Structures are given as structure tokens and as C-alpha cells.
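In this text, residue positions in the sequence shown follow the UniProt record's numbering: the first is 1, and each later residue adds one. Glycine residues also receive a C-beta, built at the ideal position from the N, C-alpha and C atoms. Please read all numbers here as calculations on a predicted model, not as lab measurements.
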Amino acid sequence: MGYPQRFFEPGYVWHLTARCHNRDFLLNQVLYRKLLTDTLFENQGRYRVPVLNFTVTSNHVHLLVVSPTDREAIPEMMRDLGSKVAATYNKKSDRKGSFWERRYHATAVESGEHLVRCSLYIDTNMVRAGVVRHPSEWKHGGYHEIVKPKQRYKTVNLSELSRLAGLPDDPTFPEHYAGWVDNVVKRGHLCRDDVWTAELAVGSVKFVDHVRRQSGYAPILKDESNMLGEQPAPYGAQDCGNMLEWGF
Numbered sequence: 001m002g003y004p005q006r007f008f009e010p011g012y013v014w015h016l017t018a019r020c021h022n023r024d025f026l027l028n029q030v031l032y033r034k035l036l037t038d039t040l041f042e043n044q045g046r047y048r049v050p051v052l053n054f055t056v057t058s059n060h061v062h063l064l065v066v067s068p069t070d071r072e073a074i075p076e077m078m079r080d081l082g083s084k085v086a087a088t089y090n091k092k093s094d095r096k097g098s099f100w101e102r103r104y105h106a107t108a109v110e111s112g113e114h115l116v117r118c119s120l121y122i123d124t125n126m127v128r129a130g131v132v133r134h135p136s137e138w139k140h141g142g143y144h145e146i147v148k149p150k151q152r153y154k155t156v157n158l159s160e161l162s163r164l165a166g167l168p169d170d171p172t173f174p175e176h177y178a179g180w181v182d183n184v185v186k187r188g189h190l191c192r193d194d195v196w197t198a199e200l201a202v203g204s205v206k207f208v209d210h211v212r213r214q215s216g217y218a219p220i221l222k223d224e225s226n227m228l229g230e231q232p233a234p235y236g237a238q239d240c241g242n243m244l245e246w247g248f
């Protein structure tokens, strides 16, 4: 899937985006989307990378993960995930050549409101694309595990998601989350925001500046609103840090 030039500091949340070569719809068959989600389940356990959310579309993948102590765990997990799907597809289709774009993109996401915004953005991907009316209608995503937690064979680490969202040990978190998603869909705040897939980091100025320095980039030079991607806000002008404005 690529060779990320990232530092993957332990404990950081990362939004990873991997696209098919030339953005072709190589994942349009359920067989390959299921293979990818099954492999993700296996790999998150194998490499001990907490997965907070994910969605697999017909031509790209979104993953929200936490860096473990092993800084090579995420690159290795992504490499294995991508190579297995690519090899299977090319063999069955008698195809040669690259399956994925040269590298996947990684954006560091600050915990709290930014993390929740990013997770909701991932869940509503196929709604934005006009494929479904609600995330519940798209099978290949983490939404189902978040709002209806599994007891076994779990890919999403719900306790980590709840903790990093600012609601640790809250048994009603799935209910809250479902309400946030419903509110986003109901209000129609579904515009695409490239900040989640193009920036190095999304969060407070302090957070973004730290990520830039750790990654070998110069300190923040941009206007704060551009760096944070909050003008325009991903879901409209409401304060996403205020849960009451999300319907609670």
C-alpha cells in the first residue's frame, strides 16, 4: 500500500487513506471488500494496532488507528493488508501491475472533538458518494461495531474510541455515537473536506505544530483556520466540541 514517511509516535491517532491505482474501482466486488475487512481484523490483532473506525469503499479505504509502542507496526500492518488483497485480486482477474497508489496518506488527528469529527467523516463516506442514505446501509465499515458492539471477533476497539473521544468508560457511548451520526446525516452536513486526507495533522495549533516538528517539517506557517481545516467546518458552522449541539 505504500511507504509512509511518518514517525508514528506511540499513542497518536492516525487517519490512513489508501486508494486503488488510478482510483479505479478495484474493490467494487463484495468479495474483495470482505477480504480486506477480514484481513484488517486479523492484522489488528497480529500487529496490536487498535482500530477505532474504518470503511472500505469501491476504490479506497479509510482507517482510524492508534500508534502502538512498536513504531513499525502500522507500516507492516498496512503492507500486509494491501499485498494480500492485491495478490488475490490480480490472480483471480489475471491482472498485472499496481493495485494501490504508490503510498497511503497518514494524517495525525488530535483526540477529542477532532477525533470524533474524523470518525463521523469516515462513517458518512458512502452517504456523501450517494451510494447509501445512512451508514447503517453500508456493510463494510466500523459503524455497525460502534453502535452495536460485538462480544467476539471485534475489529473496532470501542473502549479506546470512547476514551479518546473524551467519554471514557461510558456505557452509553454507542447510543451517543449513533445520535451524532444521525444528526450529521439529518442536517446534511456531508460536504467533503480534504483536510482529513491531505494534511499532515488536524487539531489544535499546539498539536499540529508538534507533529510537524516531529516529522521534520518547519513550524506552522499557515493561517490557523487553514491548518485545522475548520473554515469551513466539515459539518457546518456548529461547534463540534459541544455535544449538546450534536443532538444531546
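Item                                                                                                                                                                                : Value
For arginine 117, report the span of its beta strand (DSSP E) as first-last.                                                                                                        : Where arginine 117 is concerned, there is no enclosing beta strand (DSSP E), although the alpha helix (DSSP H) it sits in stretches over 113-123.
Give the secondary structure of glutamate 224 by DSSP, where H, G and I count as helix, E and B as strand, and everything else as coil.                                             : Here glutamate 224 scores only 42 on pLDDT, less than 50, and its place in the model should not be relied on; the value that follows carries that caveat. The answer is helix: DSSP assigns glutamate 224 an H, G or I state.
In angstroms, rounded to a whole number, what distance separates the CA positions of valine 65 and arginine 95?                                                                     : 31 Å
Are there three or more Cβ pairs, one per stretch, closer than 8 Å when the segment 80-97 is compared with the segment 162-182?                                                     : no
Out of Arg117, Gly82 and Pro75, state which residue places its alpha-carbon closest to the alpha-carbon of histidine 60.                                                            : Gly82
State buried or exposed for threonine 39, treating a residue as buried only when at least 16 other CB atoms are found within 10 Å of its CB.                                        : buried
Could you spell out the range, first to last residue, of the alpha helix (DSSP H) harbouring tryptophan 138?                                                                        : Unbroken run through tryptophan 138: none, as it is neither H nor E.
Could you work out which residue in Glu101, Ser98 and Ile122 is closest to valine 184 when comparing CA atoms only?                                                                 : Ile122
Does DSSP classify leucine 164 as helix, strand or coil?                                                                                                                            : helix
Taking a contact to mean a Cβ-Cβ separation below 8 Å, would you say proline 111 touches valine 13 in this structure?                                                               : One point to set straight first is that residue 111 is serine, not proline, in the sequence displayed. Closer than 8 Å, so yes.
DSSP has threonine 17 in a bridge; who is on the other side?                                                                                                                        : His62 and His105
Can you tell me where the beta strand (DSSP E) holding phenylalanine 54 begins and where it ends?                                                                                   : 51-56
May I have the straight-line CA-CA distance separating threonine 55 from threonine 69, to the nearest angstrom?                                                                     : 25 Å
Within the same chain, show all residues whose beta-carbon is closer than 6 Å to that of phenylalanine 8, passing over the 5 residues directly before and after it, in chain order. : Ser67, Arg71 and Ile74
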